[in-house]
Structure formats: C-alpha cells, structure tokens
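Here the structure is laid out as structure tokens; the discussion comes afterwards.
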Amino acid sequence: MSYTPTLSRKKIVMISDFVEPNEFPKTIQEWQIWFIDNVERDFKKINKEFNTEYEFYFIEVKSMDELAKELAKFDKNDTVIFNWCEEIPGQINTSHDVAKFLENNKYIFTGGDSKCLEINVKKELTKKLLKDAKVNSPQYFILENDKDLKIPGNTIFPVILKSAEDHGSLGISDDSVAENKEELEEKILNYFRFNKRKLLVEQYIAGTEYVVVILGNNAEEILPLQKIVCAYKNKYEIYTDAAKTKPGTEEYDLIYPEIVIDIDSTLQAKIIDEAKFAYKTLGCLGYARIELKVQDNKAYVIDANPNSELDGEFMEAVYSAGFNDGEFLLKTCEYAVEHWTKKMISSYLSFEN
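If you use my numbering, the sequence shown closes out at 356, no skipped numbers anywhere.
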C-alpha cells in the first residue's frame with residue numbers, strides 16, 4: 004500500500020498512561036518505548052519524502068491536572084491528540100473520562116469518543132447493544148452476586164465466565180469454562196468469593212478465533228485478517244489473558260496471531276461483515292480490533308476493542324497492510340480530524356437553527 008499523508012495539522016501529541024508502569028513486564032515496556040522511537044523515526048522520513056513539517060510529542064499522563072497543563076502548551080487549531088490512554092492513573096476503567104476531558108476542552112483526538120469507550124468497559128452494555136442490533140454474538144446472562152443462582156433454562160453449555168466490568172481478556176483462562184450446571188454453579192461461587200464485580204456467563208464458541216483490525220469512522224478500511232494459532236495444549240481454544248499479557252509463559256509463546264493466507268472467500272466475507280457490523284454498532288471511531296470465533300460456519304463476535312492496544316497482534320495487521328508506525332498514526336489522525344470537524348460543523352448548524 005502506498006500512503007500519502009493528507010493531514011494539514013502539524014503537531015501530533017501522543018498521550019499515554021502506561022509506557023513505563025511498574026506492573027507491566029519489562030518486555031512490554033521495551034516494546035512500547037520501541038514503538039514511540041519508531042514513530043519519531045518515521046516522521047523524519049515522511050517529512051523528508053513529502054516536504055511536510057509534522058512534529059511528534061509524547062506526554063505521559065500522571066494526573067488530569069498535569070495533562071491539562073501540558074496540553075495547554077499546544078495550539079488546538081494545529082494539533083491532533085493521539086489518545087493512547089487506558090485510564091487515569093490509579094483509577095481503573097476510566098479511559099472514557101480521559102476522552103470526556105478532551106471533548107469538553109474541544110481537542111481533536113483519535114479513537115473512540117467518551118460514549119464508545121464507556122461502552123467498552125461495560126461488557127453487559129456491549130452485549131446488549133450487539134444483541135439489540137442482531138449482531139451474531141454468543142448467548143449470555145449476567146449475575147450481580149451469588150445470592151440468587153438462577154441459571155436460565157435455555158443456557159447452552161459449555162459456557163465461559165468473564166468479568167462483566169472489565170474489557171479485554173482480563174483473567175480469562177482454560178479454567179474459565181464450565182461444562183455443565185453443577186460445574187458452573189461451583190465456578191460462580193468461586194468467582195464471587197474473590198470479586199464484587201458483575202459476572203458475564205457466555206456461551207463458549209468452539210472453533211478458530213479470528214481478529215479483524217479496522218480503520219475509519221465508518222469501517223472504511225479492513226486490514227489483513229488474522230487467526231489465532233493455539234499450539235498450547237489447552238482443553239479449549241481460548242486466547243487467554245496470559246497469552247496476551249504475560250511474556251515468558253508457554254501460553255504467550257504458543258498462542259499467537261498470524262495473518263490468514265488461505266481461507267474460503269465466503270467465510271472470510273462473513274467474518275468481515277460481522278466485524279464491520281459490530282464496529283458500527285458500538286460506535287467505534289478511527290481504529291479498533293474486533294475478535295470473532297467461527298463455529299458451524301457462523302461467525303460470532305466475542306469481543307471488541309476500540310482504542311486497541313498497539314501491540315504485536317494489532318500492529319502485525321498494520322504492517323501487513325503496508326503502513327509503518329508513523330503512517331498509521333497519521334492515518335488515524337486524519338480520521339480524527341474528519342470526524343470531529345464534521346461533528347463541530349453539525350453542532351454549529353444545529354445551534355444556528
């Protein structure tokens with residue numbers, strides 16, 4: 004893919020809360036720093052090739068007051084914020100609050116808006132929106148506590164247990180699956196012994212997992228399809244928490260994504276169509292990663308990640324599409340300008356009328 008930048012704004016400011024947190028393994032810290040170095044290098048190449056004057060800045064978010072102070076140094080009319088912020092430090096699941104701050108202060112920024120990101124951390128709401136829109140998604144029910152263990156009569160086993168108030172694959176392992184009602188009740192009791200968060204119980208979809216990386220405000224660009232290779236000897240084919248976040252473990256080494264080389268065109272179309280449907284239903288903007296599993300030739304959306312971590316899985320699709328790190332950032336910034344400019348014009352016209 005040949006990319007020519009069209010972004011008129013010159014300053015790109017990346018904000019992030021997790022470049023060097025102590026709780027992340029050193030290998031992940033190193034990768035994040037490496038990514039930022041790549042962006043700076045790529046911007047120099049782009050400026051030289053296209054005679055542009057893009058400037059890249061990085062702000063580590065330590066508090067909202069400090070973020071406000073740092074961003075005040077930039078001209079809003081010549082700046083795009085690349086929002087790489089998972090949360091306000093020390094406050095879990097607050098990515099939407101960061102986006103709300105950017106919205107309230109009239110910054111143009113990449114990725115999901117505050118509404119989209121709030122939906123993302125609430126699996127119960129995500130599942131409801133997908134169901135209401137008739138996106139193919141596994142059957143589910145929600146439990147708030149272990150006091151009233153009512154297992155719906157139409158529950159399809161096996162099922163997989165997930166926190167309903169955390170995004171991603173946090174805590175998910177082979178042990179998260181229950182084969183029958185008795186096993187499920189035991190796992191529910193065990194979950195609430197250690198957690199106060201709502202529990203999502205979802206039909207387990209057996210089969211290959213696929214990852215669709217999408218760019219755009221209306222799912223305009225579909226990057227090369229990936230599938231999850233599970234060489235680890237688990238009972239179930241699950242892309243576990245350890246496989247995603249714990250370098251050095253067998254699961255991390257033996258469960259991994261790879262670009263799909265050979266797939267039935269009809270099946271590929273089903274996967275992509277369902278991913279795009281979910282992307283639009285959940286209000287994703289700029290970029291996102293949609294995860295699906297295929298069972299009996301039917302694609303089910305099992306997770307959606309707006310403002311996806313720019314990890315190896317996501318960036319493999321980006322690189323396979325022909326973008327380097329800097330080009331990807333500029334592309335998402337272009338989509339951000341497009342979205343927020345239209346929104347501001349729409350708001351202005353509504354006000355005038």
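Using N, Cα and C, we set each Cβ at its ideal position, and we do this for glycine too.
Note that this is a predicted model, so its numbers are computed, not measured.
*Using only the heavy atoms of the ligand ATP, determine whether one of them is closer than 8 Å to the beta carbon of V304.*
The model depicted lacks the ligand ATP and carries no ligand whatsoever.
*With which residues is C233 paired in a DSSP beta bridge?*
One-based indexing of the sequence shown puts residue 233 at position 230. DSSP output for C233 lists I258 as bridge partner(s).
_Strictly by DSSP, which residues pair up with D328?_
Counting from one through the sequence shown, the residue named residue 328 turns up at place 325. BP columns for D328 are empty, so no partner.
*Pick from F112, Q94, T97: whose alpha carbon is nearest that of I15?*
As a position in the sequence shown, residue 15 is number 12, starting the count at 1. Of the candidates F112, Q94, T97, the one whose C-alpha sits nearest the C-alpha of I15 is F112.
*So, are the CB atoms of V138 and T284 less than 9 Å apart?*
One-based indexing of the sequence shown puts residue 138 at position 135. One-based indexing of the sequence shown puts residue 284 at position 281. In contact: V138 and T284 (Cβ atoms closer than 9 Å).
*Note down the Cα distance separating F195 from N148, rounded to an integer number of angstroms.*
Indexing the sequence shown from 1 puts residue 195 at position 192. Indexing the sequence shown from 1 puts residue 148 at position 145. In this structure, the CA atom of F195 is about 7 Å from the CA atom of N148.
_Spatial neighbours of E294 within its chain, please: C-beta separation below 6 Å, excluding the five flanking residues on both sides._
Taking the sequence shown and counting its residues from 1, one reaches residue 294 at position 291. Only V214, I305, D306 meet the Cβ criterion.
*asked:* If distances are taken between C-alpha atoms only, which option among R200, R12, N108, F46 comes closest to I95?
replied: Numbered from 1 along the sequence shown, position 92 holds the residue referred to as residue 95. With distances taken between Cα atoms, I95 lies closest to R200.
*Output the residue ranges of the alpha helix (DSSP H) runs that lie fully inside the stretch 109 to 156 and measure 4 residues or longer, sorted by chain position.*
117 to 123, 126 to 135
*Cutoff 7 Å; reference T55; Cβ partners in own chain excluding five residues on either side*: Position 52 of the sequence shown, counted from the start, is the residue given in the question as residue 55. Same-chain partners within the cutoff: P8, I49.
*asked:* So for R200, helix, strand or coil by DSSP?
replied: Position 197 of the sequence shown, counted from the start, is the residue given in the question as residue 200. Coil, per DSSP.
*asked:* Taking its Cβ as the centre, do 16 or more other Cβ atoms sit within 10 Å of F53, making it buried, or is it exposed?
replied: Stepping through the sequence shown from its first residue, residue 53 is reached at position 50. Looking at its Cβ environment, which holds fewer than 16 other Cβ atoms inside 10 Å, F53 is exposed.
*Distance CB(L203)-CB(I145) smaller than 9 Å*: Walking along the sequence shown from the start, residue 203 turns up at place 200. Walking along the sequence shown from the start, residue 145 turns up at place 142. In contact: L203 and I145 (Cβ atoms closer than 9 Å).
*N- and C-terminal bounds of the alpha helix (DSSP H) containing V321*: The count along the sequence shown starts at 1 and reaches residue 321 at position 318. Its alpha helix (DSSP H) spans residues 315 to 323.
_Could you compute how far the alpha carbon of P24 sits from the alpha carbon of D267?_
Reading the sequence shown from its first residue, position 21 is the one you call residue 24. Reading the sequence shown from its first residue, position 264 is the one you call residue 267. A caution first: P24 carries a pLDDT of 47, below 50, which makes its placement in the model too unreliable to give a value.
*Starting from the Cα of E205, find the closest Cα among T248, T129, I264 and give me that residue.*
As a position in the sequence shown, residue 205 is number 202, starting the count at 1. Ranking T248, T129, I264 by Cα distance to E205 puts T129 first.
*Report the option in G219, V64, K134, K153 whose CA atom is closest to the CA atom of I91.*
Taking the first residue of the sequence shown as 1, we reach residue 91 at position 88. Comparing Cα-Cα distances from I91 to each of G219, V64, K134, K153, the minimum goes to V64.
*Residue of K345, Y259, S140, T335 minimising C-alpha distance to K296*: Indexing the sequence shown from 1 puts residue 296 at position 293. For K296, the nearest C-alpha among the options comes from S140.
*Indicate whether the contact test is met: 3 or more Cβ pairs, each with one atom in the stretch 57 to 77 and one in the stretch 338 to 348, closer than 8 Å.*
Touching, no, given that fewer than three Cβ pairs across the two stretches are closer than 8 Å.
*Inter-residue Cα distance where the pair is N327 and V321*: Mapped onto the sequence shown, residue 327 falls at position 324. Mapped onto the sequence shown, residue 321 falls at position 318. Taking the straight line joining both Cα atoms gives about 7 Å.
*Going straight from the alpha carbon of E89 to that of A278, what length do you get?*
Numbered from 1 along the sequence shown, position 86 holds the residue referred to as residue 89. Numbered from 1 along the sequence shown, position 275 holds the residue referred to as residue 278. Whole-angstrom Cα-Cα distance: 23 Å.
*Distance between beta carbons of S117 and K103, contact taken as under 8 Å*: As a position in the sequence shown, residue 103 is number 100, starting the count at 1. As a position in the sequence shown, residue 117 is number 114, starting the count at 1. The pair is a contact, with the Cβ atoms about 4 Å apart (cut-off 8 Å).
*Assign I264 to buried or exposed, taking buried as 16 or more other Cβ atoms, counted over all protein chains shown, within 10 Å of its Cβ.*
As a first step, residue 264 is located in the sequence shown; it is residue number 261 there, counting from the start. I264 counts as exposed, since fewer than 16 other C-beta atoms from the protein chains shown sit within 10 angstroms of its C-beta.
*Ignore the nearest five residues each way along the sequence and tell me which others in K273's own chain have a CB closer than 7 Å to its CB.*
Position 270 of the sequence shown, counting from 1, holds the residue named residue 273. So the qualifying residues of the chain are A302.
*Would E212 pass as a contact of Y255 if the rule is Cβ separation under 9 Å?*
Stepping through the sequence shown from its first residue, residue 212 is reached at position 209. Stepping through the sequence shown from its first residue, residue 255 is reached at position 252. For E212 and Y255, no; Cβs fall outside 9 Å.
*If we ignore side chains and look at the alpha-carbon of each, how far apart do I261 and V232 end up?*
The sequence position of residue 261 within the sequence shown is 258, counting from 1. The sequence position of residue 232 within the sequence shown is 229, counting from 1. Note that residue 261 is Glu in the sequence shown, not Ile. Rounded to the nearest whole angstrom, the C-alpha separation of E261 and V232 is 7 Å.
*Buried versus exposed call for G251 [16 or more other C-beta atoms within 10 Å across all chains shown]*: Stepping through the sequence shown from its first residue, residue 251 is reached at position 248. When all chains shown are included, G251 counts as exposed.
_Three-state class that DSSP yields for S11 in the structure shown_ = Residue 11 sits at position 8 when you count from the first residue of the sequence shown. Here S11 sits in coil by DSSP.
*Give me the Cβ distance between E337 and L105, rounded to the nearest whole Å; I'm assuming they're in contact under 8 Å.*
Counted from its first residue, the sequence shown places residue 337 at position 334. Counted from its first residue, the sequence shown places residue 105 at position 102. Wrong, their Cβ atoms sit about 17 Å apart, outside the cutoff.
*Under 8 Å by Cβ, that's how I've got G289 and G114 pegged, so tell me the actual separation to the nearest angstrom.*
Against the sequence shown, residue 289 aligns to sequence position 286. Against the sequence shown, residue 114 aligns to sequence position 111. Right, their Cβ atoms sit about 5 Å apart.
*asked:* Is the separation between the beta-carbon of I36 and that of F85 shorter than 9 Å?
replied: The count along the sequence shown starts at 1 and reaches residue 36 at position 33. The count along the sequence shown starts at 1 and reaches residue 85 at position 82. Against a cut-off of 9 Å, the Cβ pair of F85 and I36 comes out as no contact.
*Around the Cβ of I225, are there at least 16 other Cβ atoms within 10 angstroms (buried) or fewer (exposed)?*
To locate residue 225, count along the sequence shown from 1; it is residue 222. Taking all protein chains in view, the Cβ of I225 is crowded by 16 or more other Cβ atoms within 10 Å, so the residue is classified as buried.
*Mind reading off the beta-carbon distance from F317 to S323? Whole number of angstroms is fine, and I expect it under 8 Å.*
Locating residue 317 in the sequence shown gives position 314, counting from the first residue. Locating residue 323 in the sequence shown gives position 320, counting from the first residue. Not a contact, Cβ separation roughly 11 Å.
*Given a threshold of 16 other Cβ atoms within 10 Å of its Cβ, counted over all protein chains shown, does S66 qualify as buried or as exposed?*
Here the question's residue 66 lines up with position 63 in the sequence shown. Answer is exposed; the Cβ neighbour count stays below 16.
*Starting from P309, follow its DSSP beta bridges and name the residues at the other end.*
One-based indexing of the sequence shown puts residue 309 at position 306. Note: P309 sits in a beta bridge opposite A291.
*Label T335 either buried or exposed according to how many other C-beta atoms from any shown protein chain fall within 10 Å of its C-beta, with 16 as the threshold for buried.*
The residue labelled residue 335 in the question sits at position 332 within the sequence shown. Buried, because 16 or more other Cβ atoms sit within 10 Å of the Cβ of T335.
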